[in-house]
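Residue numbers (the working numbering), protein chains in the order written: chain A, 349 to 858; chain B, 1202 to 1874.
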């Protein structure tokens, strides 16, 4: 199989699975489930095949497919992967099947749920491999549809309002993206990311945009910023998130926080920074404050929540904000301190991956608590889970400490590198952000103390089953990766090092 | 001879034992115990071999560095370091751990989670050993945090008990507060020197080049980078080693099983902070020669140590819980060690750390023996009369007490404490450490006499003490070994034969003349005598008869006693200030979330909705002047709105899908053509 077919297949197989599930009306639930899992797991297979082609010496795209698509509009069918894209593809490959299995486990209407989920997964993959705005935006928008129906159809009691808010917010953001790229297209005649970045690097983009009007550049920048900021989310565009993560079915929450929030982070690195480096630098101050706000506010809001899903949502805001903090610190500093810039960039990408693992694991934990207790995951309803379900507690505990950034587990390396870079570039910001590390420890351990420790109480007082085999496999594989990547971070760092090095030297995508 | 490149075996053995224990089924009780004992014995042997090798060339810093991973193009390097300091500490930690492990077998025999306990113990020791042989501040931090994790698991071992769960969290969070300083210090050091390796053939952070650069980096106000980094790293040590003002977690940490307390207080946890400042001593001292620095890093260490030494001793006086007295005693003794580092005598600090490890482990295991025998009674008021019932425990406890209070010439604590006091006396900056140290000597003698009298003398004053009898051999054997060590461990560092001093510094240290420091020795001996006499006068002469009787101190100074018994309200103070600040900030965050970030969005929608409702209401009211119908109308409107809203989205999304599909088809067709 040649490389370009791998890229197309990566996106197409989950979609094909969705299509088969959609038209296979007479498929029994068992077969539908098997088909869905296979189609979802294909991502990991493609990811590994692509990994085999990864060239550590090459900072740029190691696989690329570019064929003219709509000549009259200058749109290409342009897919490609560099180390960063591969990182996110692998993340999707790991989390996709696990989240799918979790979603389908106890779902009614398995076929529909599976089809929506695969559509979602394929769209997310499309975002990570598309290099032309046109296919990229189709996938970006298309991901909303299945997410909406999954939340609405399989979510909690208030899923209607939550999914509504989720869609309205994200669509508003997308409108900004669309307008911005319309402006870019009008000015330059291309919507291709690499071409735009090249124009920018050559210093021609400003002239083109300036011809549209004095404000065109600023507005285009703002449009892209808001569009990506809502998705990531960048504080304070996050207010759709807690309700959405709380109401979505556990498996979908795993995917939303693990993969979909990374679409936003990825966009910051792939679109915003290469195309608008000077705007980013000019506004790095306020953006840094926003990211820092997300770090601190997220931790404090999590401290205040008495429900695991809400706490995890705010904790996700906190963790994802570290990635953006690193990017903005780098963008603001310019090519000042190469080592620090490299550390910050590598850290941001590692953090994005590692947060995906630990947040997904913790949402899975929330799902188990809810399923066992037949209700929501309010802390007050639990007590002494560690006593009732020691195996569950062991794995959940590892996920908890991974999220807390304990050395030896995956979360530490990314956070450490981010702090290493940000401290060198913006020492005061780094010092303030460390406060959030303390608050994170407090809210995670308070949750743990309330729900897992103490005498058995509430929903745990009676029957409370430990993990069954299927649950053990899901949580166990996530925990295995946490330990593996915590001890051997080079496995991931190797993917992004060439990119980070060349970024640090030129501050543009190779 | 163990080369530095194989030092990792020392922490790896218990780590493997912990990993296998964690993976083993819960029903396997024996396997983790066996593995833990085998692993720690192996580590002890390796440590001894390493120590022999290190002593052969005490000044050579033998290192084995390696790359952990590469970030961008910069390698993040870690390493192992073989020197007398690390090797000696390893031997001490392994030796104490072996004894504590043996003791634990009997102490926790009835616990269904015995296997888990040994798994956690192994992790605890592995992390501590890793910290000792690390040649990199980053690796040290890694192990440091794992020590924190293991202590969390062990303090909260009986997690069913809310108090244990709370104490575990408190220990983790408060030490992490100090760790923030550690992290910032490490980041700063990384940035300033580009490395975190201690010794790296001239490029390490504790070697002359880097130290000169750090001391030469002057910040506003006359501070240097060396001072700033030193103070930040010290903040980590303050948290871990229970120094004022972060000492509050240590007394609560005895919620864990007593063998855990012995480990925490002697070998594996609080020792880490003192070890850290001793390890990075060249860095801490790098700003000593600079007159412009407002506060030298070591001065801060000395002041904090002095305060802690005094505070711990004062608080120990009014505690009634056996383990709590010992816990505050640890706080106080750790203060002595910090004080010693602060006045420049890091060797004396390490000396005291080692002797203290022996006698504090002895005292804690002794109290464990008492608690075990007295059916988990640990309030000394309800004990008493154990001297006859538990003769062996009593004698060994007395020996430990003698070492702690520093009975002259024979006991180990005397020599190490003398070394500290001697250094404090000569400190040119201030008399505070010296005075605090001497005051602490009296108080230590007093509270230990009080503890011994209350626990062992008189008549039993409770059920537990009445039925107590000597603990089994498995528990008394470790006591015997530790008792011998508590006496003999001091002989390696007497002024007449300063073997330890010369080995640790790697340079020969001349023996002191007997006349030098003799006056101080006599004086502190008198102070010990005063403390013991006062304690005996109040508690030993006429031992307590009734468990509920008021303490003699409380009779004389009720207010002072109450204040000390309440631990000077440190916990309450922190809850009222920091706790409230944090809660307030969290409440503010929640308020902002509800009314500002979420509110703006909600408001936009609500304004439209309300406008509609108001319009409708006015219409209905105006036309029908009927309240019922108006409210009906309102309800209907709301329903319509909610239907319309959700309906809209679904419809919109369907349109998006259909539109995209059509578009895609058209485009593919167009593209193909």
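We put the CB at the ideal spot given by N, CA and C, even for glycine.
- Counting only residues of its own chain and dropping the five nearest sequence neighbours on each side, residue 754 of chain A has a CB closer than 7 Å to the CB of 760.
- Contacts with chain B at 7 Å (Cβ-Cβ) do not include residue 719 of chain A.
- In this structure the stretch 771-788 of chain A does not touch the stretch 709-726 of chain A; the number of beta carbon pairs closer than 8 Å is below three.
- Taking residue 792 of chain A as the centre and dropping the five residues before and after it, the same chain places the C-beta of 748, 752 closer than 6 Å to its C-beta, in chain order.
- Buried is the label assigned to residue 557 of chain A, since at least 16 other Cβ atoms lie within 10 Å of its Cβ.
- Neighbourhood of residue 756 of chain A in chain B, by CB distance below 7 Å: 1343, 1347, in chain order.
- By the Cβ criterion, the stretch 801-813 of chain A is not in contact with the stretch 697-707 of chain A, since fewer than three pairs of Cβ atoms, one from each stretch, lie closer than 8 Å.
- Against chain A, a Cβ distance below 9 Å from residue 1385 of chain B picks out 767, 771, 775, 778, 779, 782.
- Here residue 559 of chain A has 535 as same chain residues with Cβ atoms under 8 Å from its own Cβ, once five neighbours each way along the sequence are excluded.
- Put simply, the stretch 454-468 of chain A touches the stretch 359-376 of chain A. At least three CB pairs are less than 8 Å apart.
- If you look at residue 1268 of chain B, you'll find it in the beta strand (DSSP E) that goes 1263-1272.
- DSSP places residue 1529 of chain B inside the alpha helix (DSSP H), whose first and last residues are 1523-1543.
- DSSP places residue 362 of chain A in the helix class (H, G or I) of the three-state scheme.
- For the 7 Å CB-CB criterion, residue 1776 of chain B and residue 1669 of chain B do not form a contact.
- Residue burial is scored here from C-beta neighbours: residue 1402 of chain B has fewer than 16 other C-beta atoms within 10 angstroms and is therefore classed as exposed.
- Where residue 1483 of chain B is concerned, the enclosing alpha helix (DSSP H) starts and stops at 1482-1485.
- Counting C-beta atoms within 10 angstroms of its own C-beta, residue 816 of chain A has fewer than 16 neighbours from the protein chains shown and is therefore classed as exposed.
- For residue 1624 of chain B, DSSP assigns no beta-bridge partner whatsoever.
- Taking CB atoms only, residue 690 of chain A has a neighbour in chain B less than 7 Å away.
- Contact between the stretch 437-446 of chain A and the stretch 493-509 of chain A is not established, with fewer than three Cβ pairs separated by less than 8 Å.
- Beta-bridge partners of residue 416 of chain A (DSSP): A:424.
- Cβ contact annotation for residue 1765 of chain B (same chain, cutoff 7 Å, sequence separation greater than five): 1515, 1516, 1518, 1519, in chain order.
- Here residue 685 of chain A carries a coil assignment [DSSP, helix/strand/coil].
- Straight-line measurement puts the Cα of residue 1400 of chain B at about 6 Å from the Cα of residue 1407 of chain B.
- Apart from sequence neighbours up to five positions away, the residues of its chain that approach residue 481 of chain A with a beta-carbon distance below 6 Å are 529, 539, ordered along the chain.
- DSSP places residue 1281 of chain B in the strand class (E or B) of the three-state scheme.
- Secondary structure of residue 1337 of chain B (DSSP, three-state): strand.
- For residue 778 of chain A, the enclosing alpha helix (DSSP H) starts and ends at 775-799.
- Given a length threshold of 3 residues, the stretch 426-513 of chain A has no whole run of the beta strand (DSSP E) inside it.
- Membership of residue 1389 of chain B in the alpha helix (DSSP H) is indicated by the continuous run 1363-1394.
- A direct Cα-Cα distance of roughly 26 Å separates residue 1658 of chain B from residue 1610 of chain B.
- Scanning chain B for C-beta atoms nearer than 7 Å to the C-beta of residue 790 of chain A yields 1374, reported in chain order.
- Within 7 Å of the CB of residue 584 of chain A, the CB atoms of chain B belong to 1798, in sequence order along the chain.
- Nearest neighbour of residue 1262 of chain B by Cα position, chosen from B:1474, B:1427, B:1405, turns out to be B:1405.
- Residue 1418 of chain B sits in coil when the DSSP states are folded into three classes, being neither helix nor strand.
- For residue 1480 of chain B, no CB of chain A lies under 7 Å from its own CB, so it is not counted at the interface with that chain.
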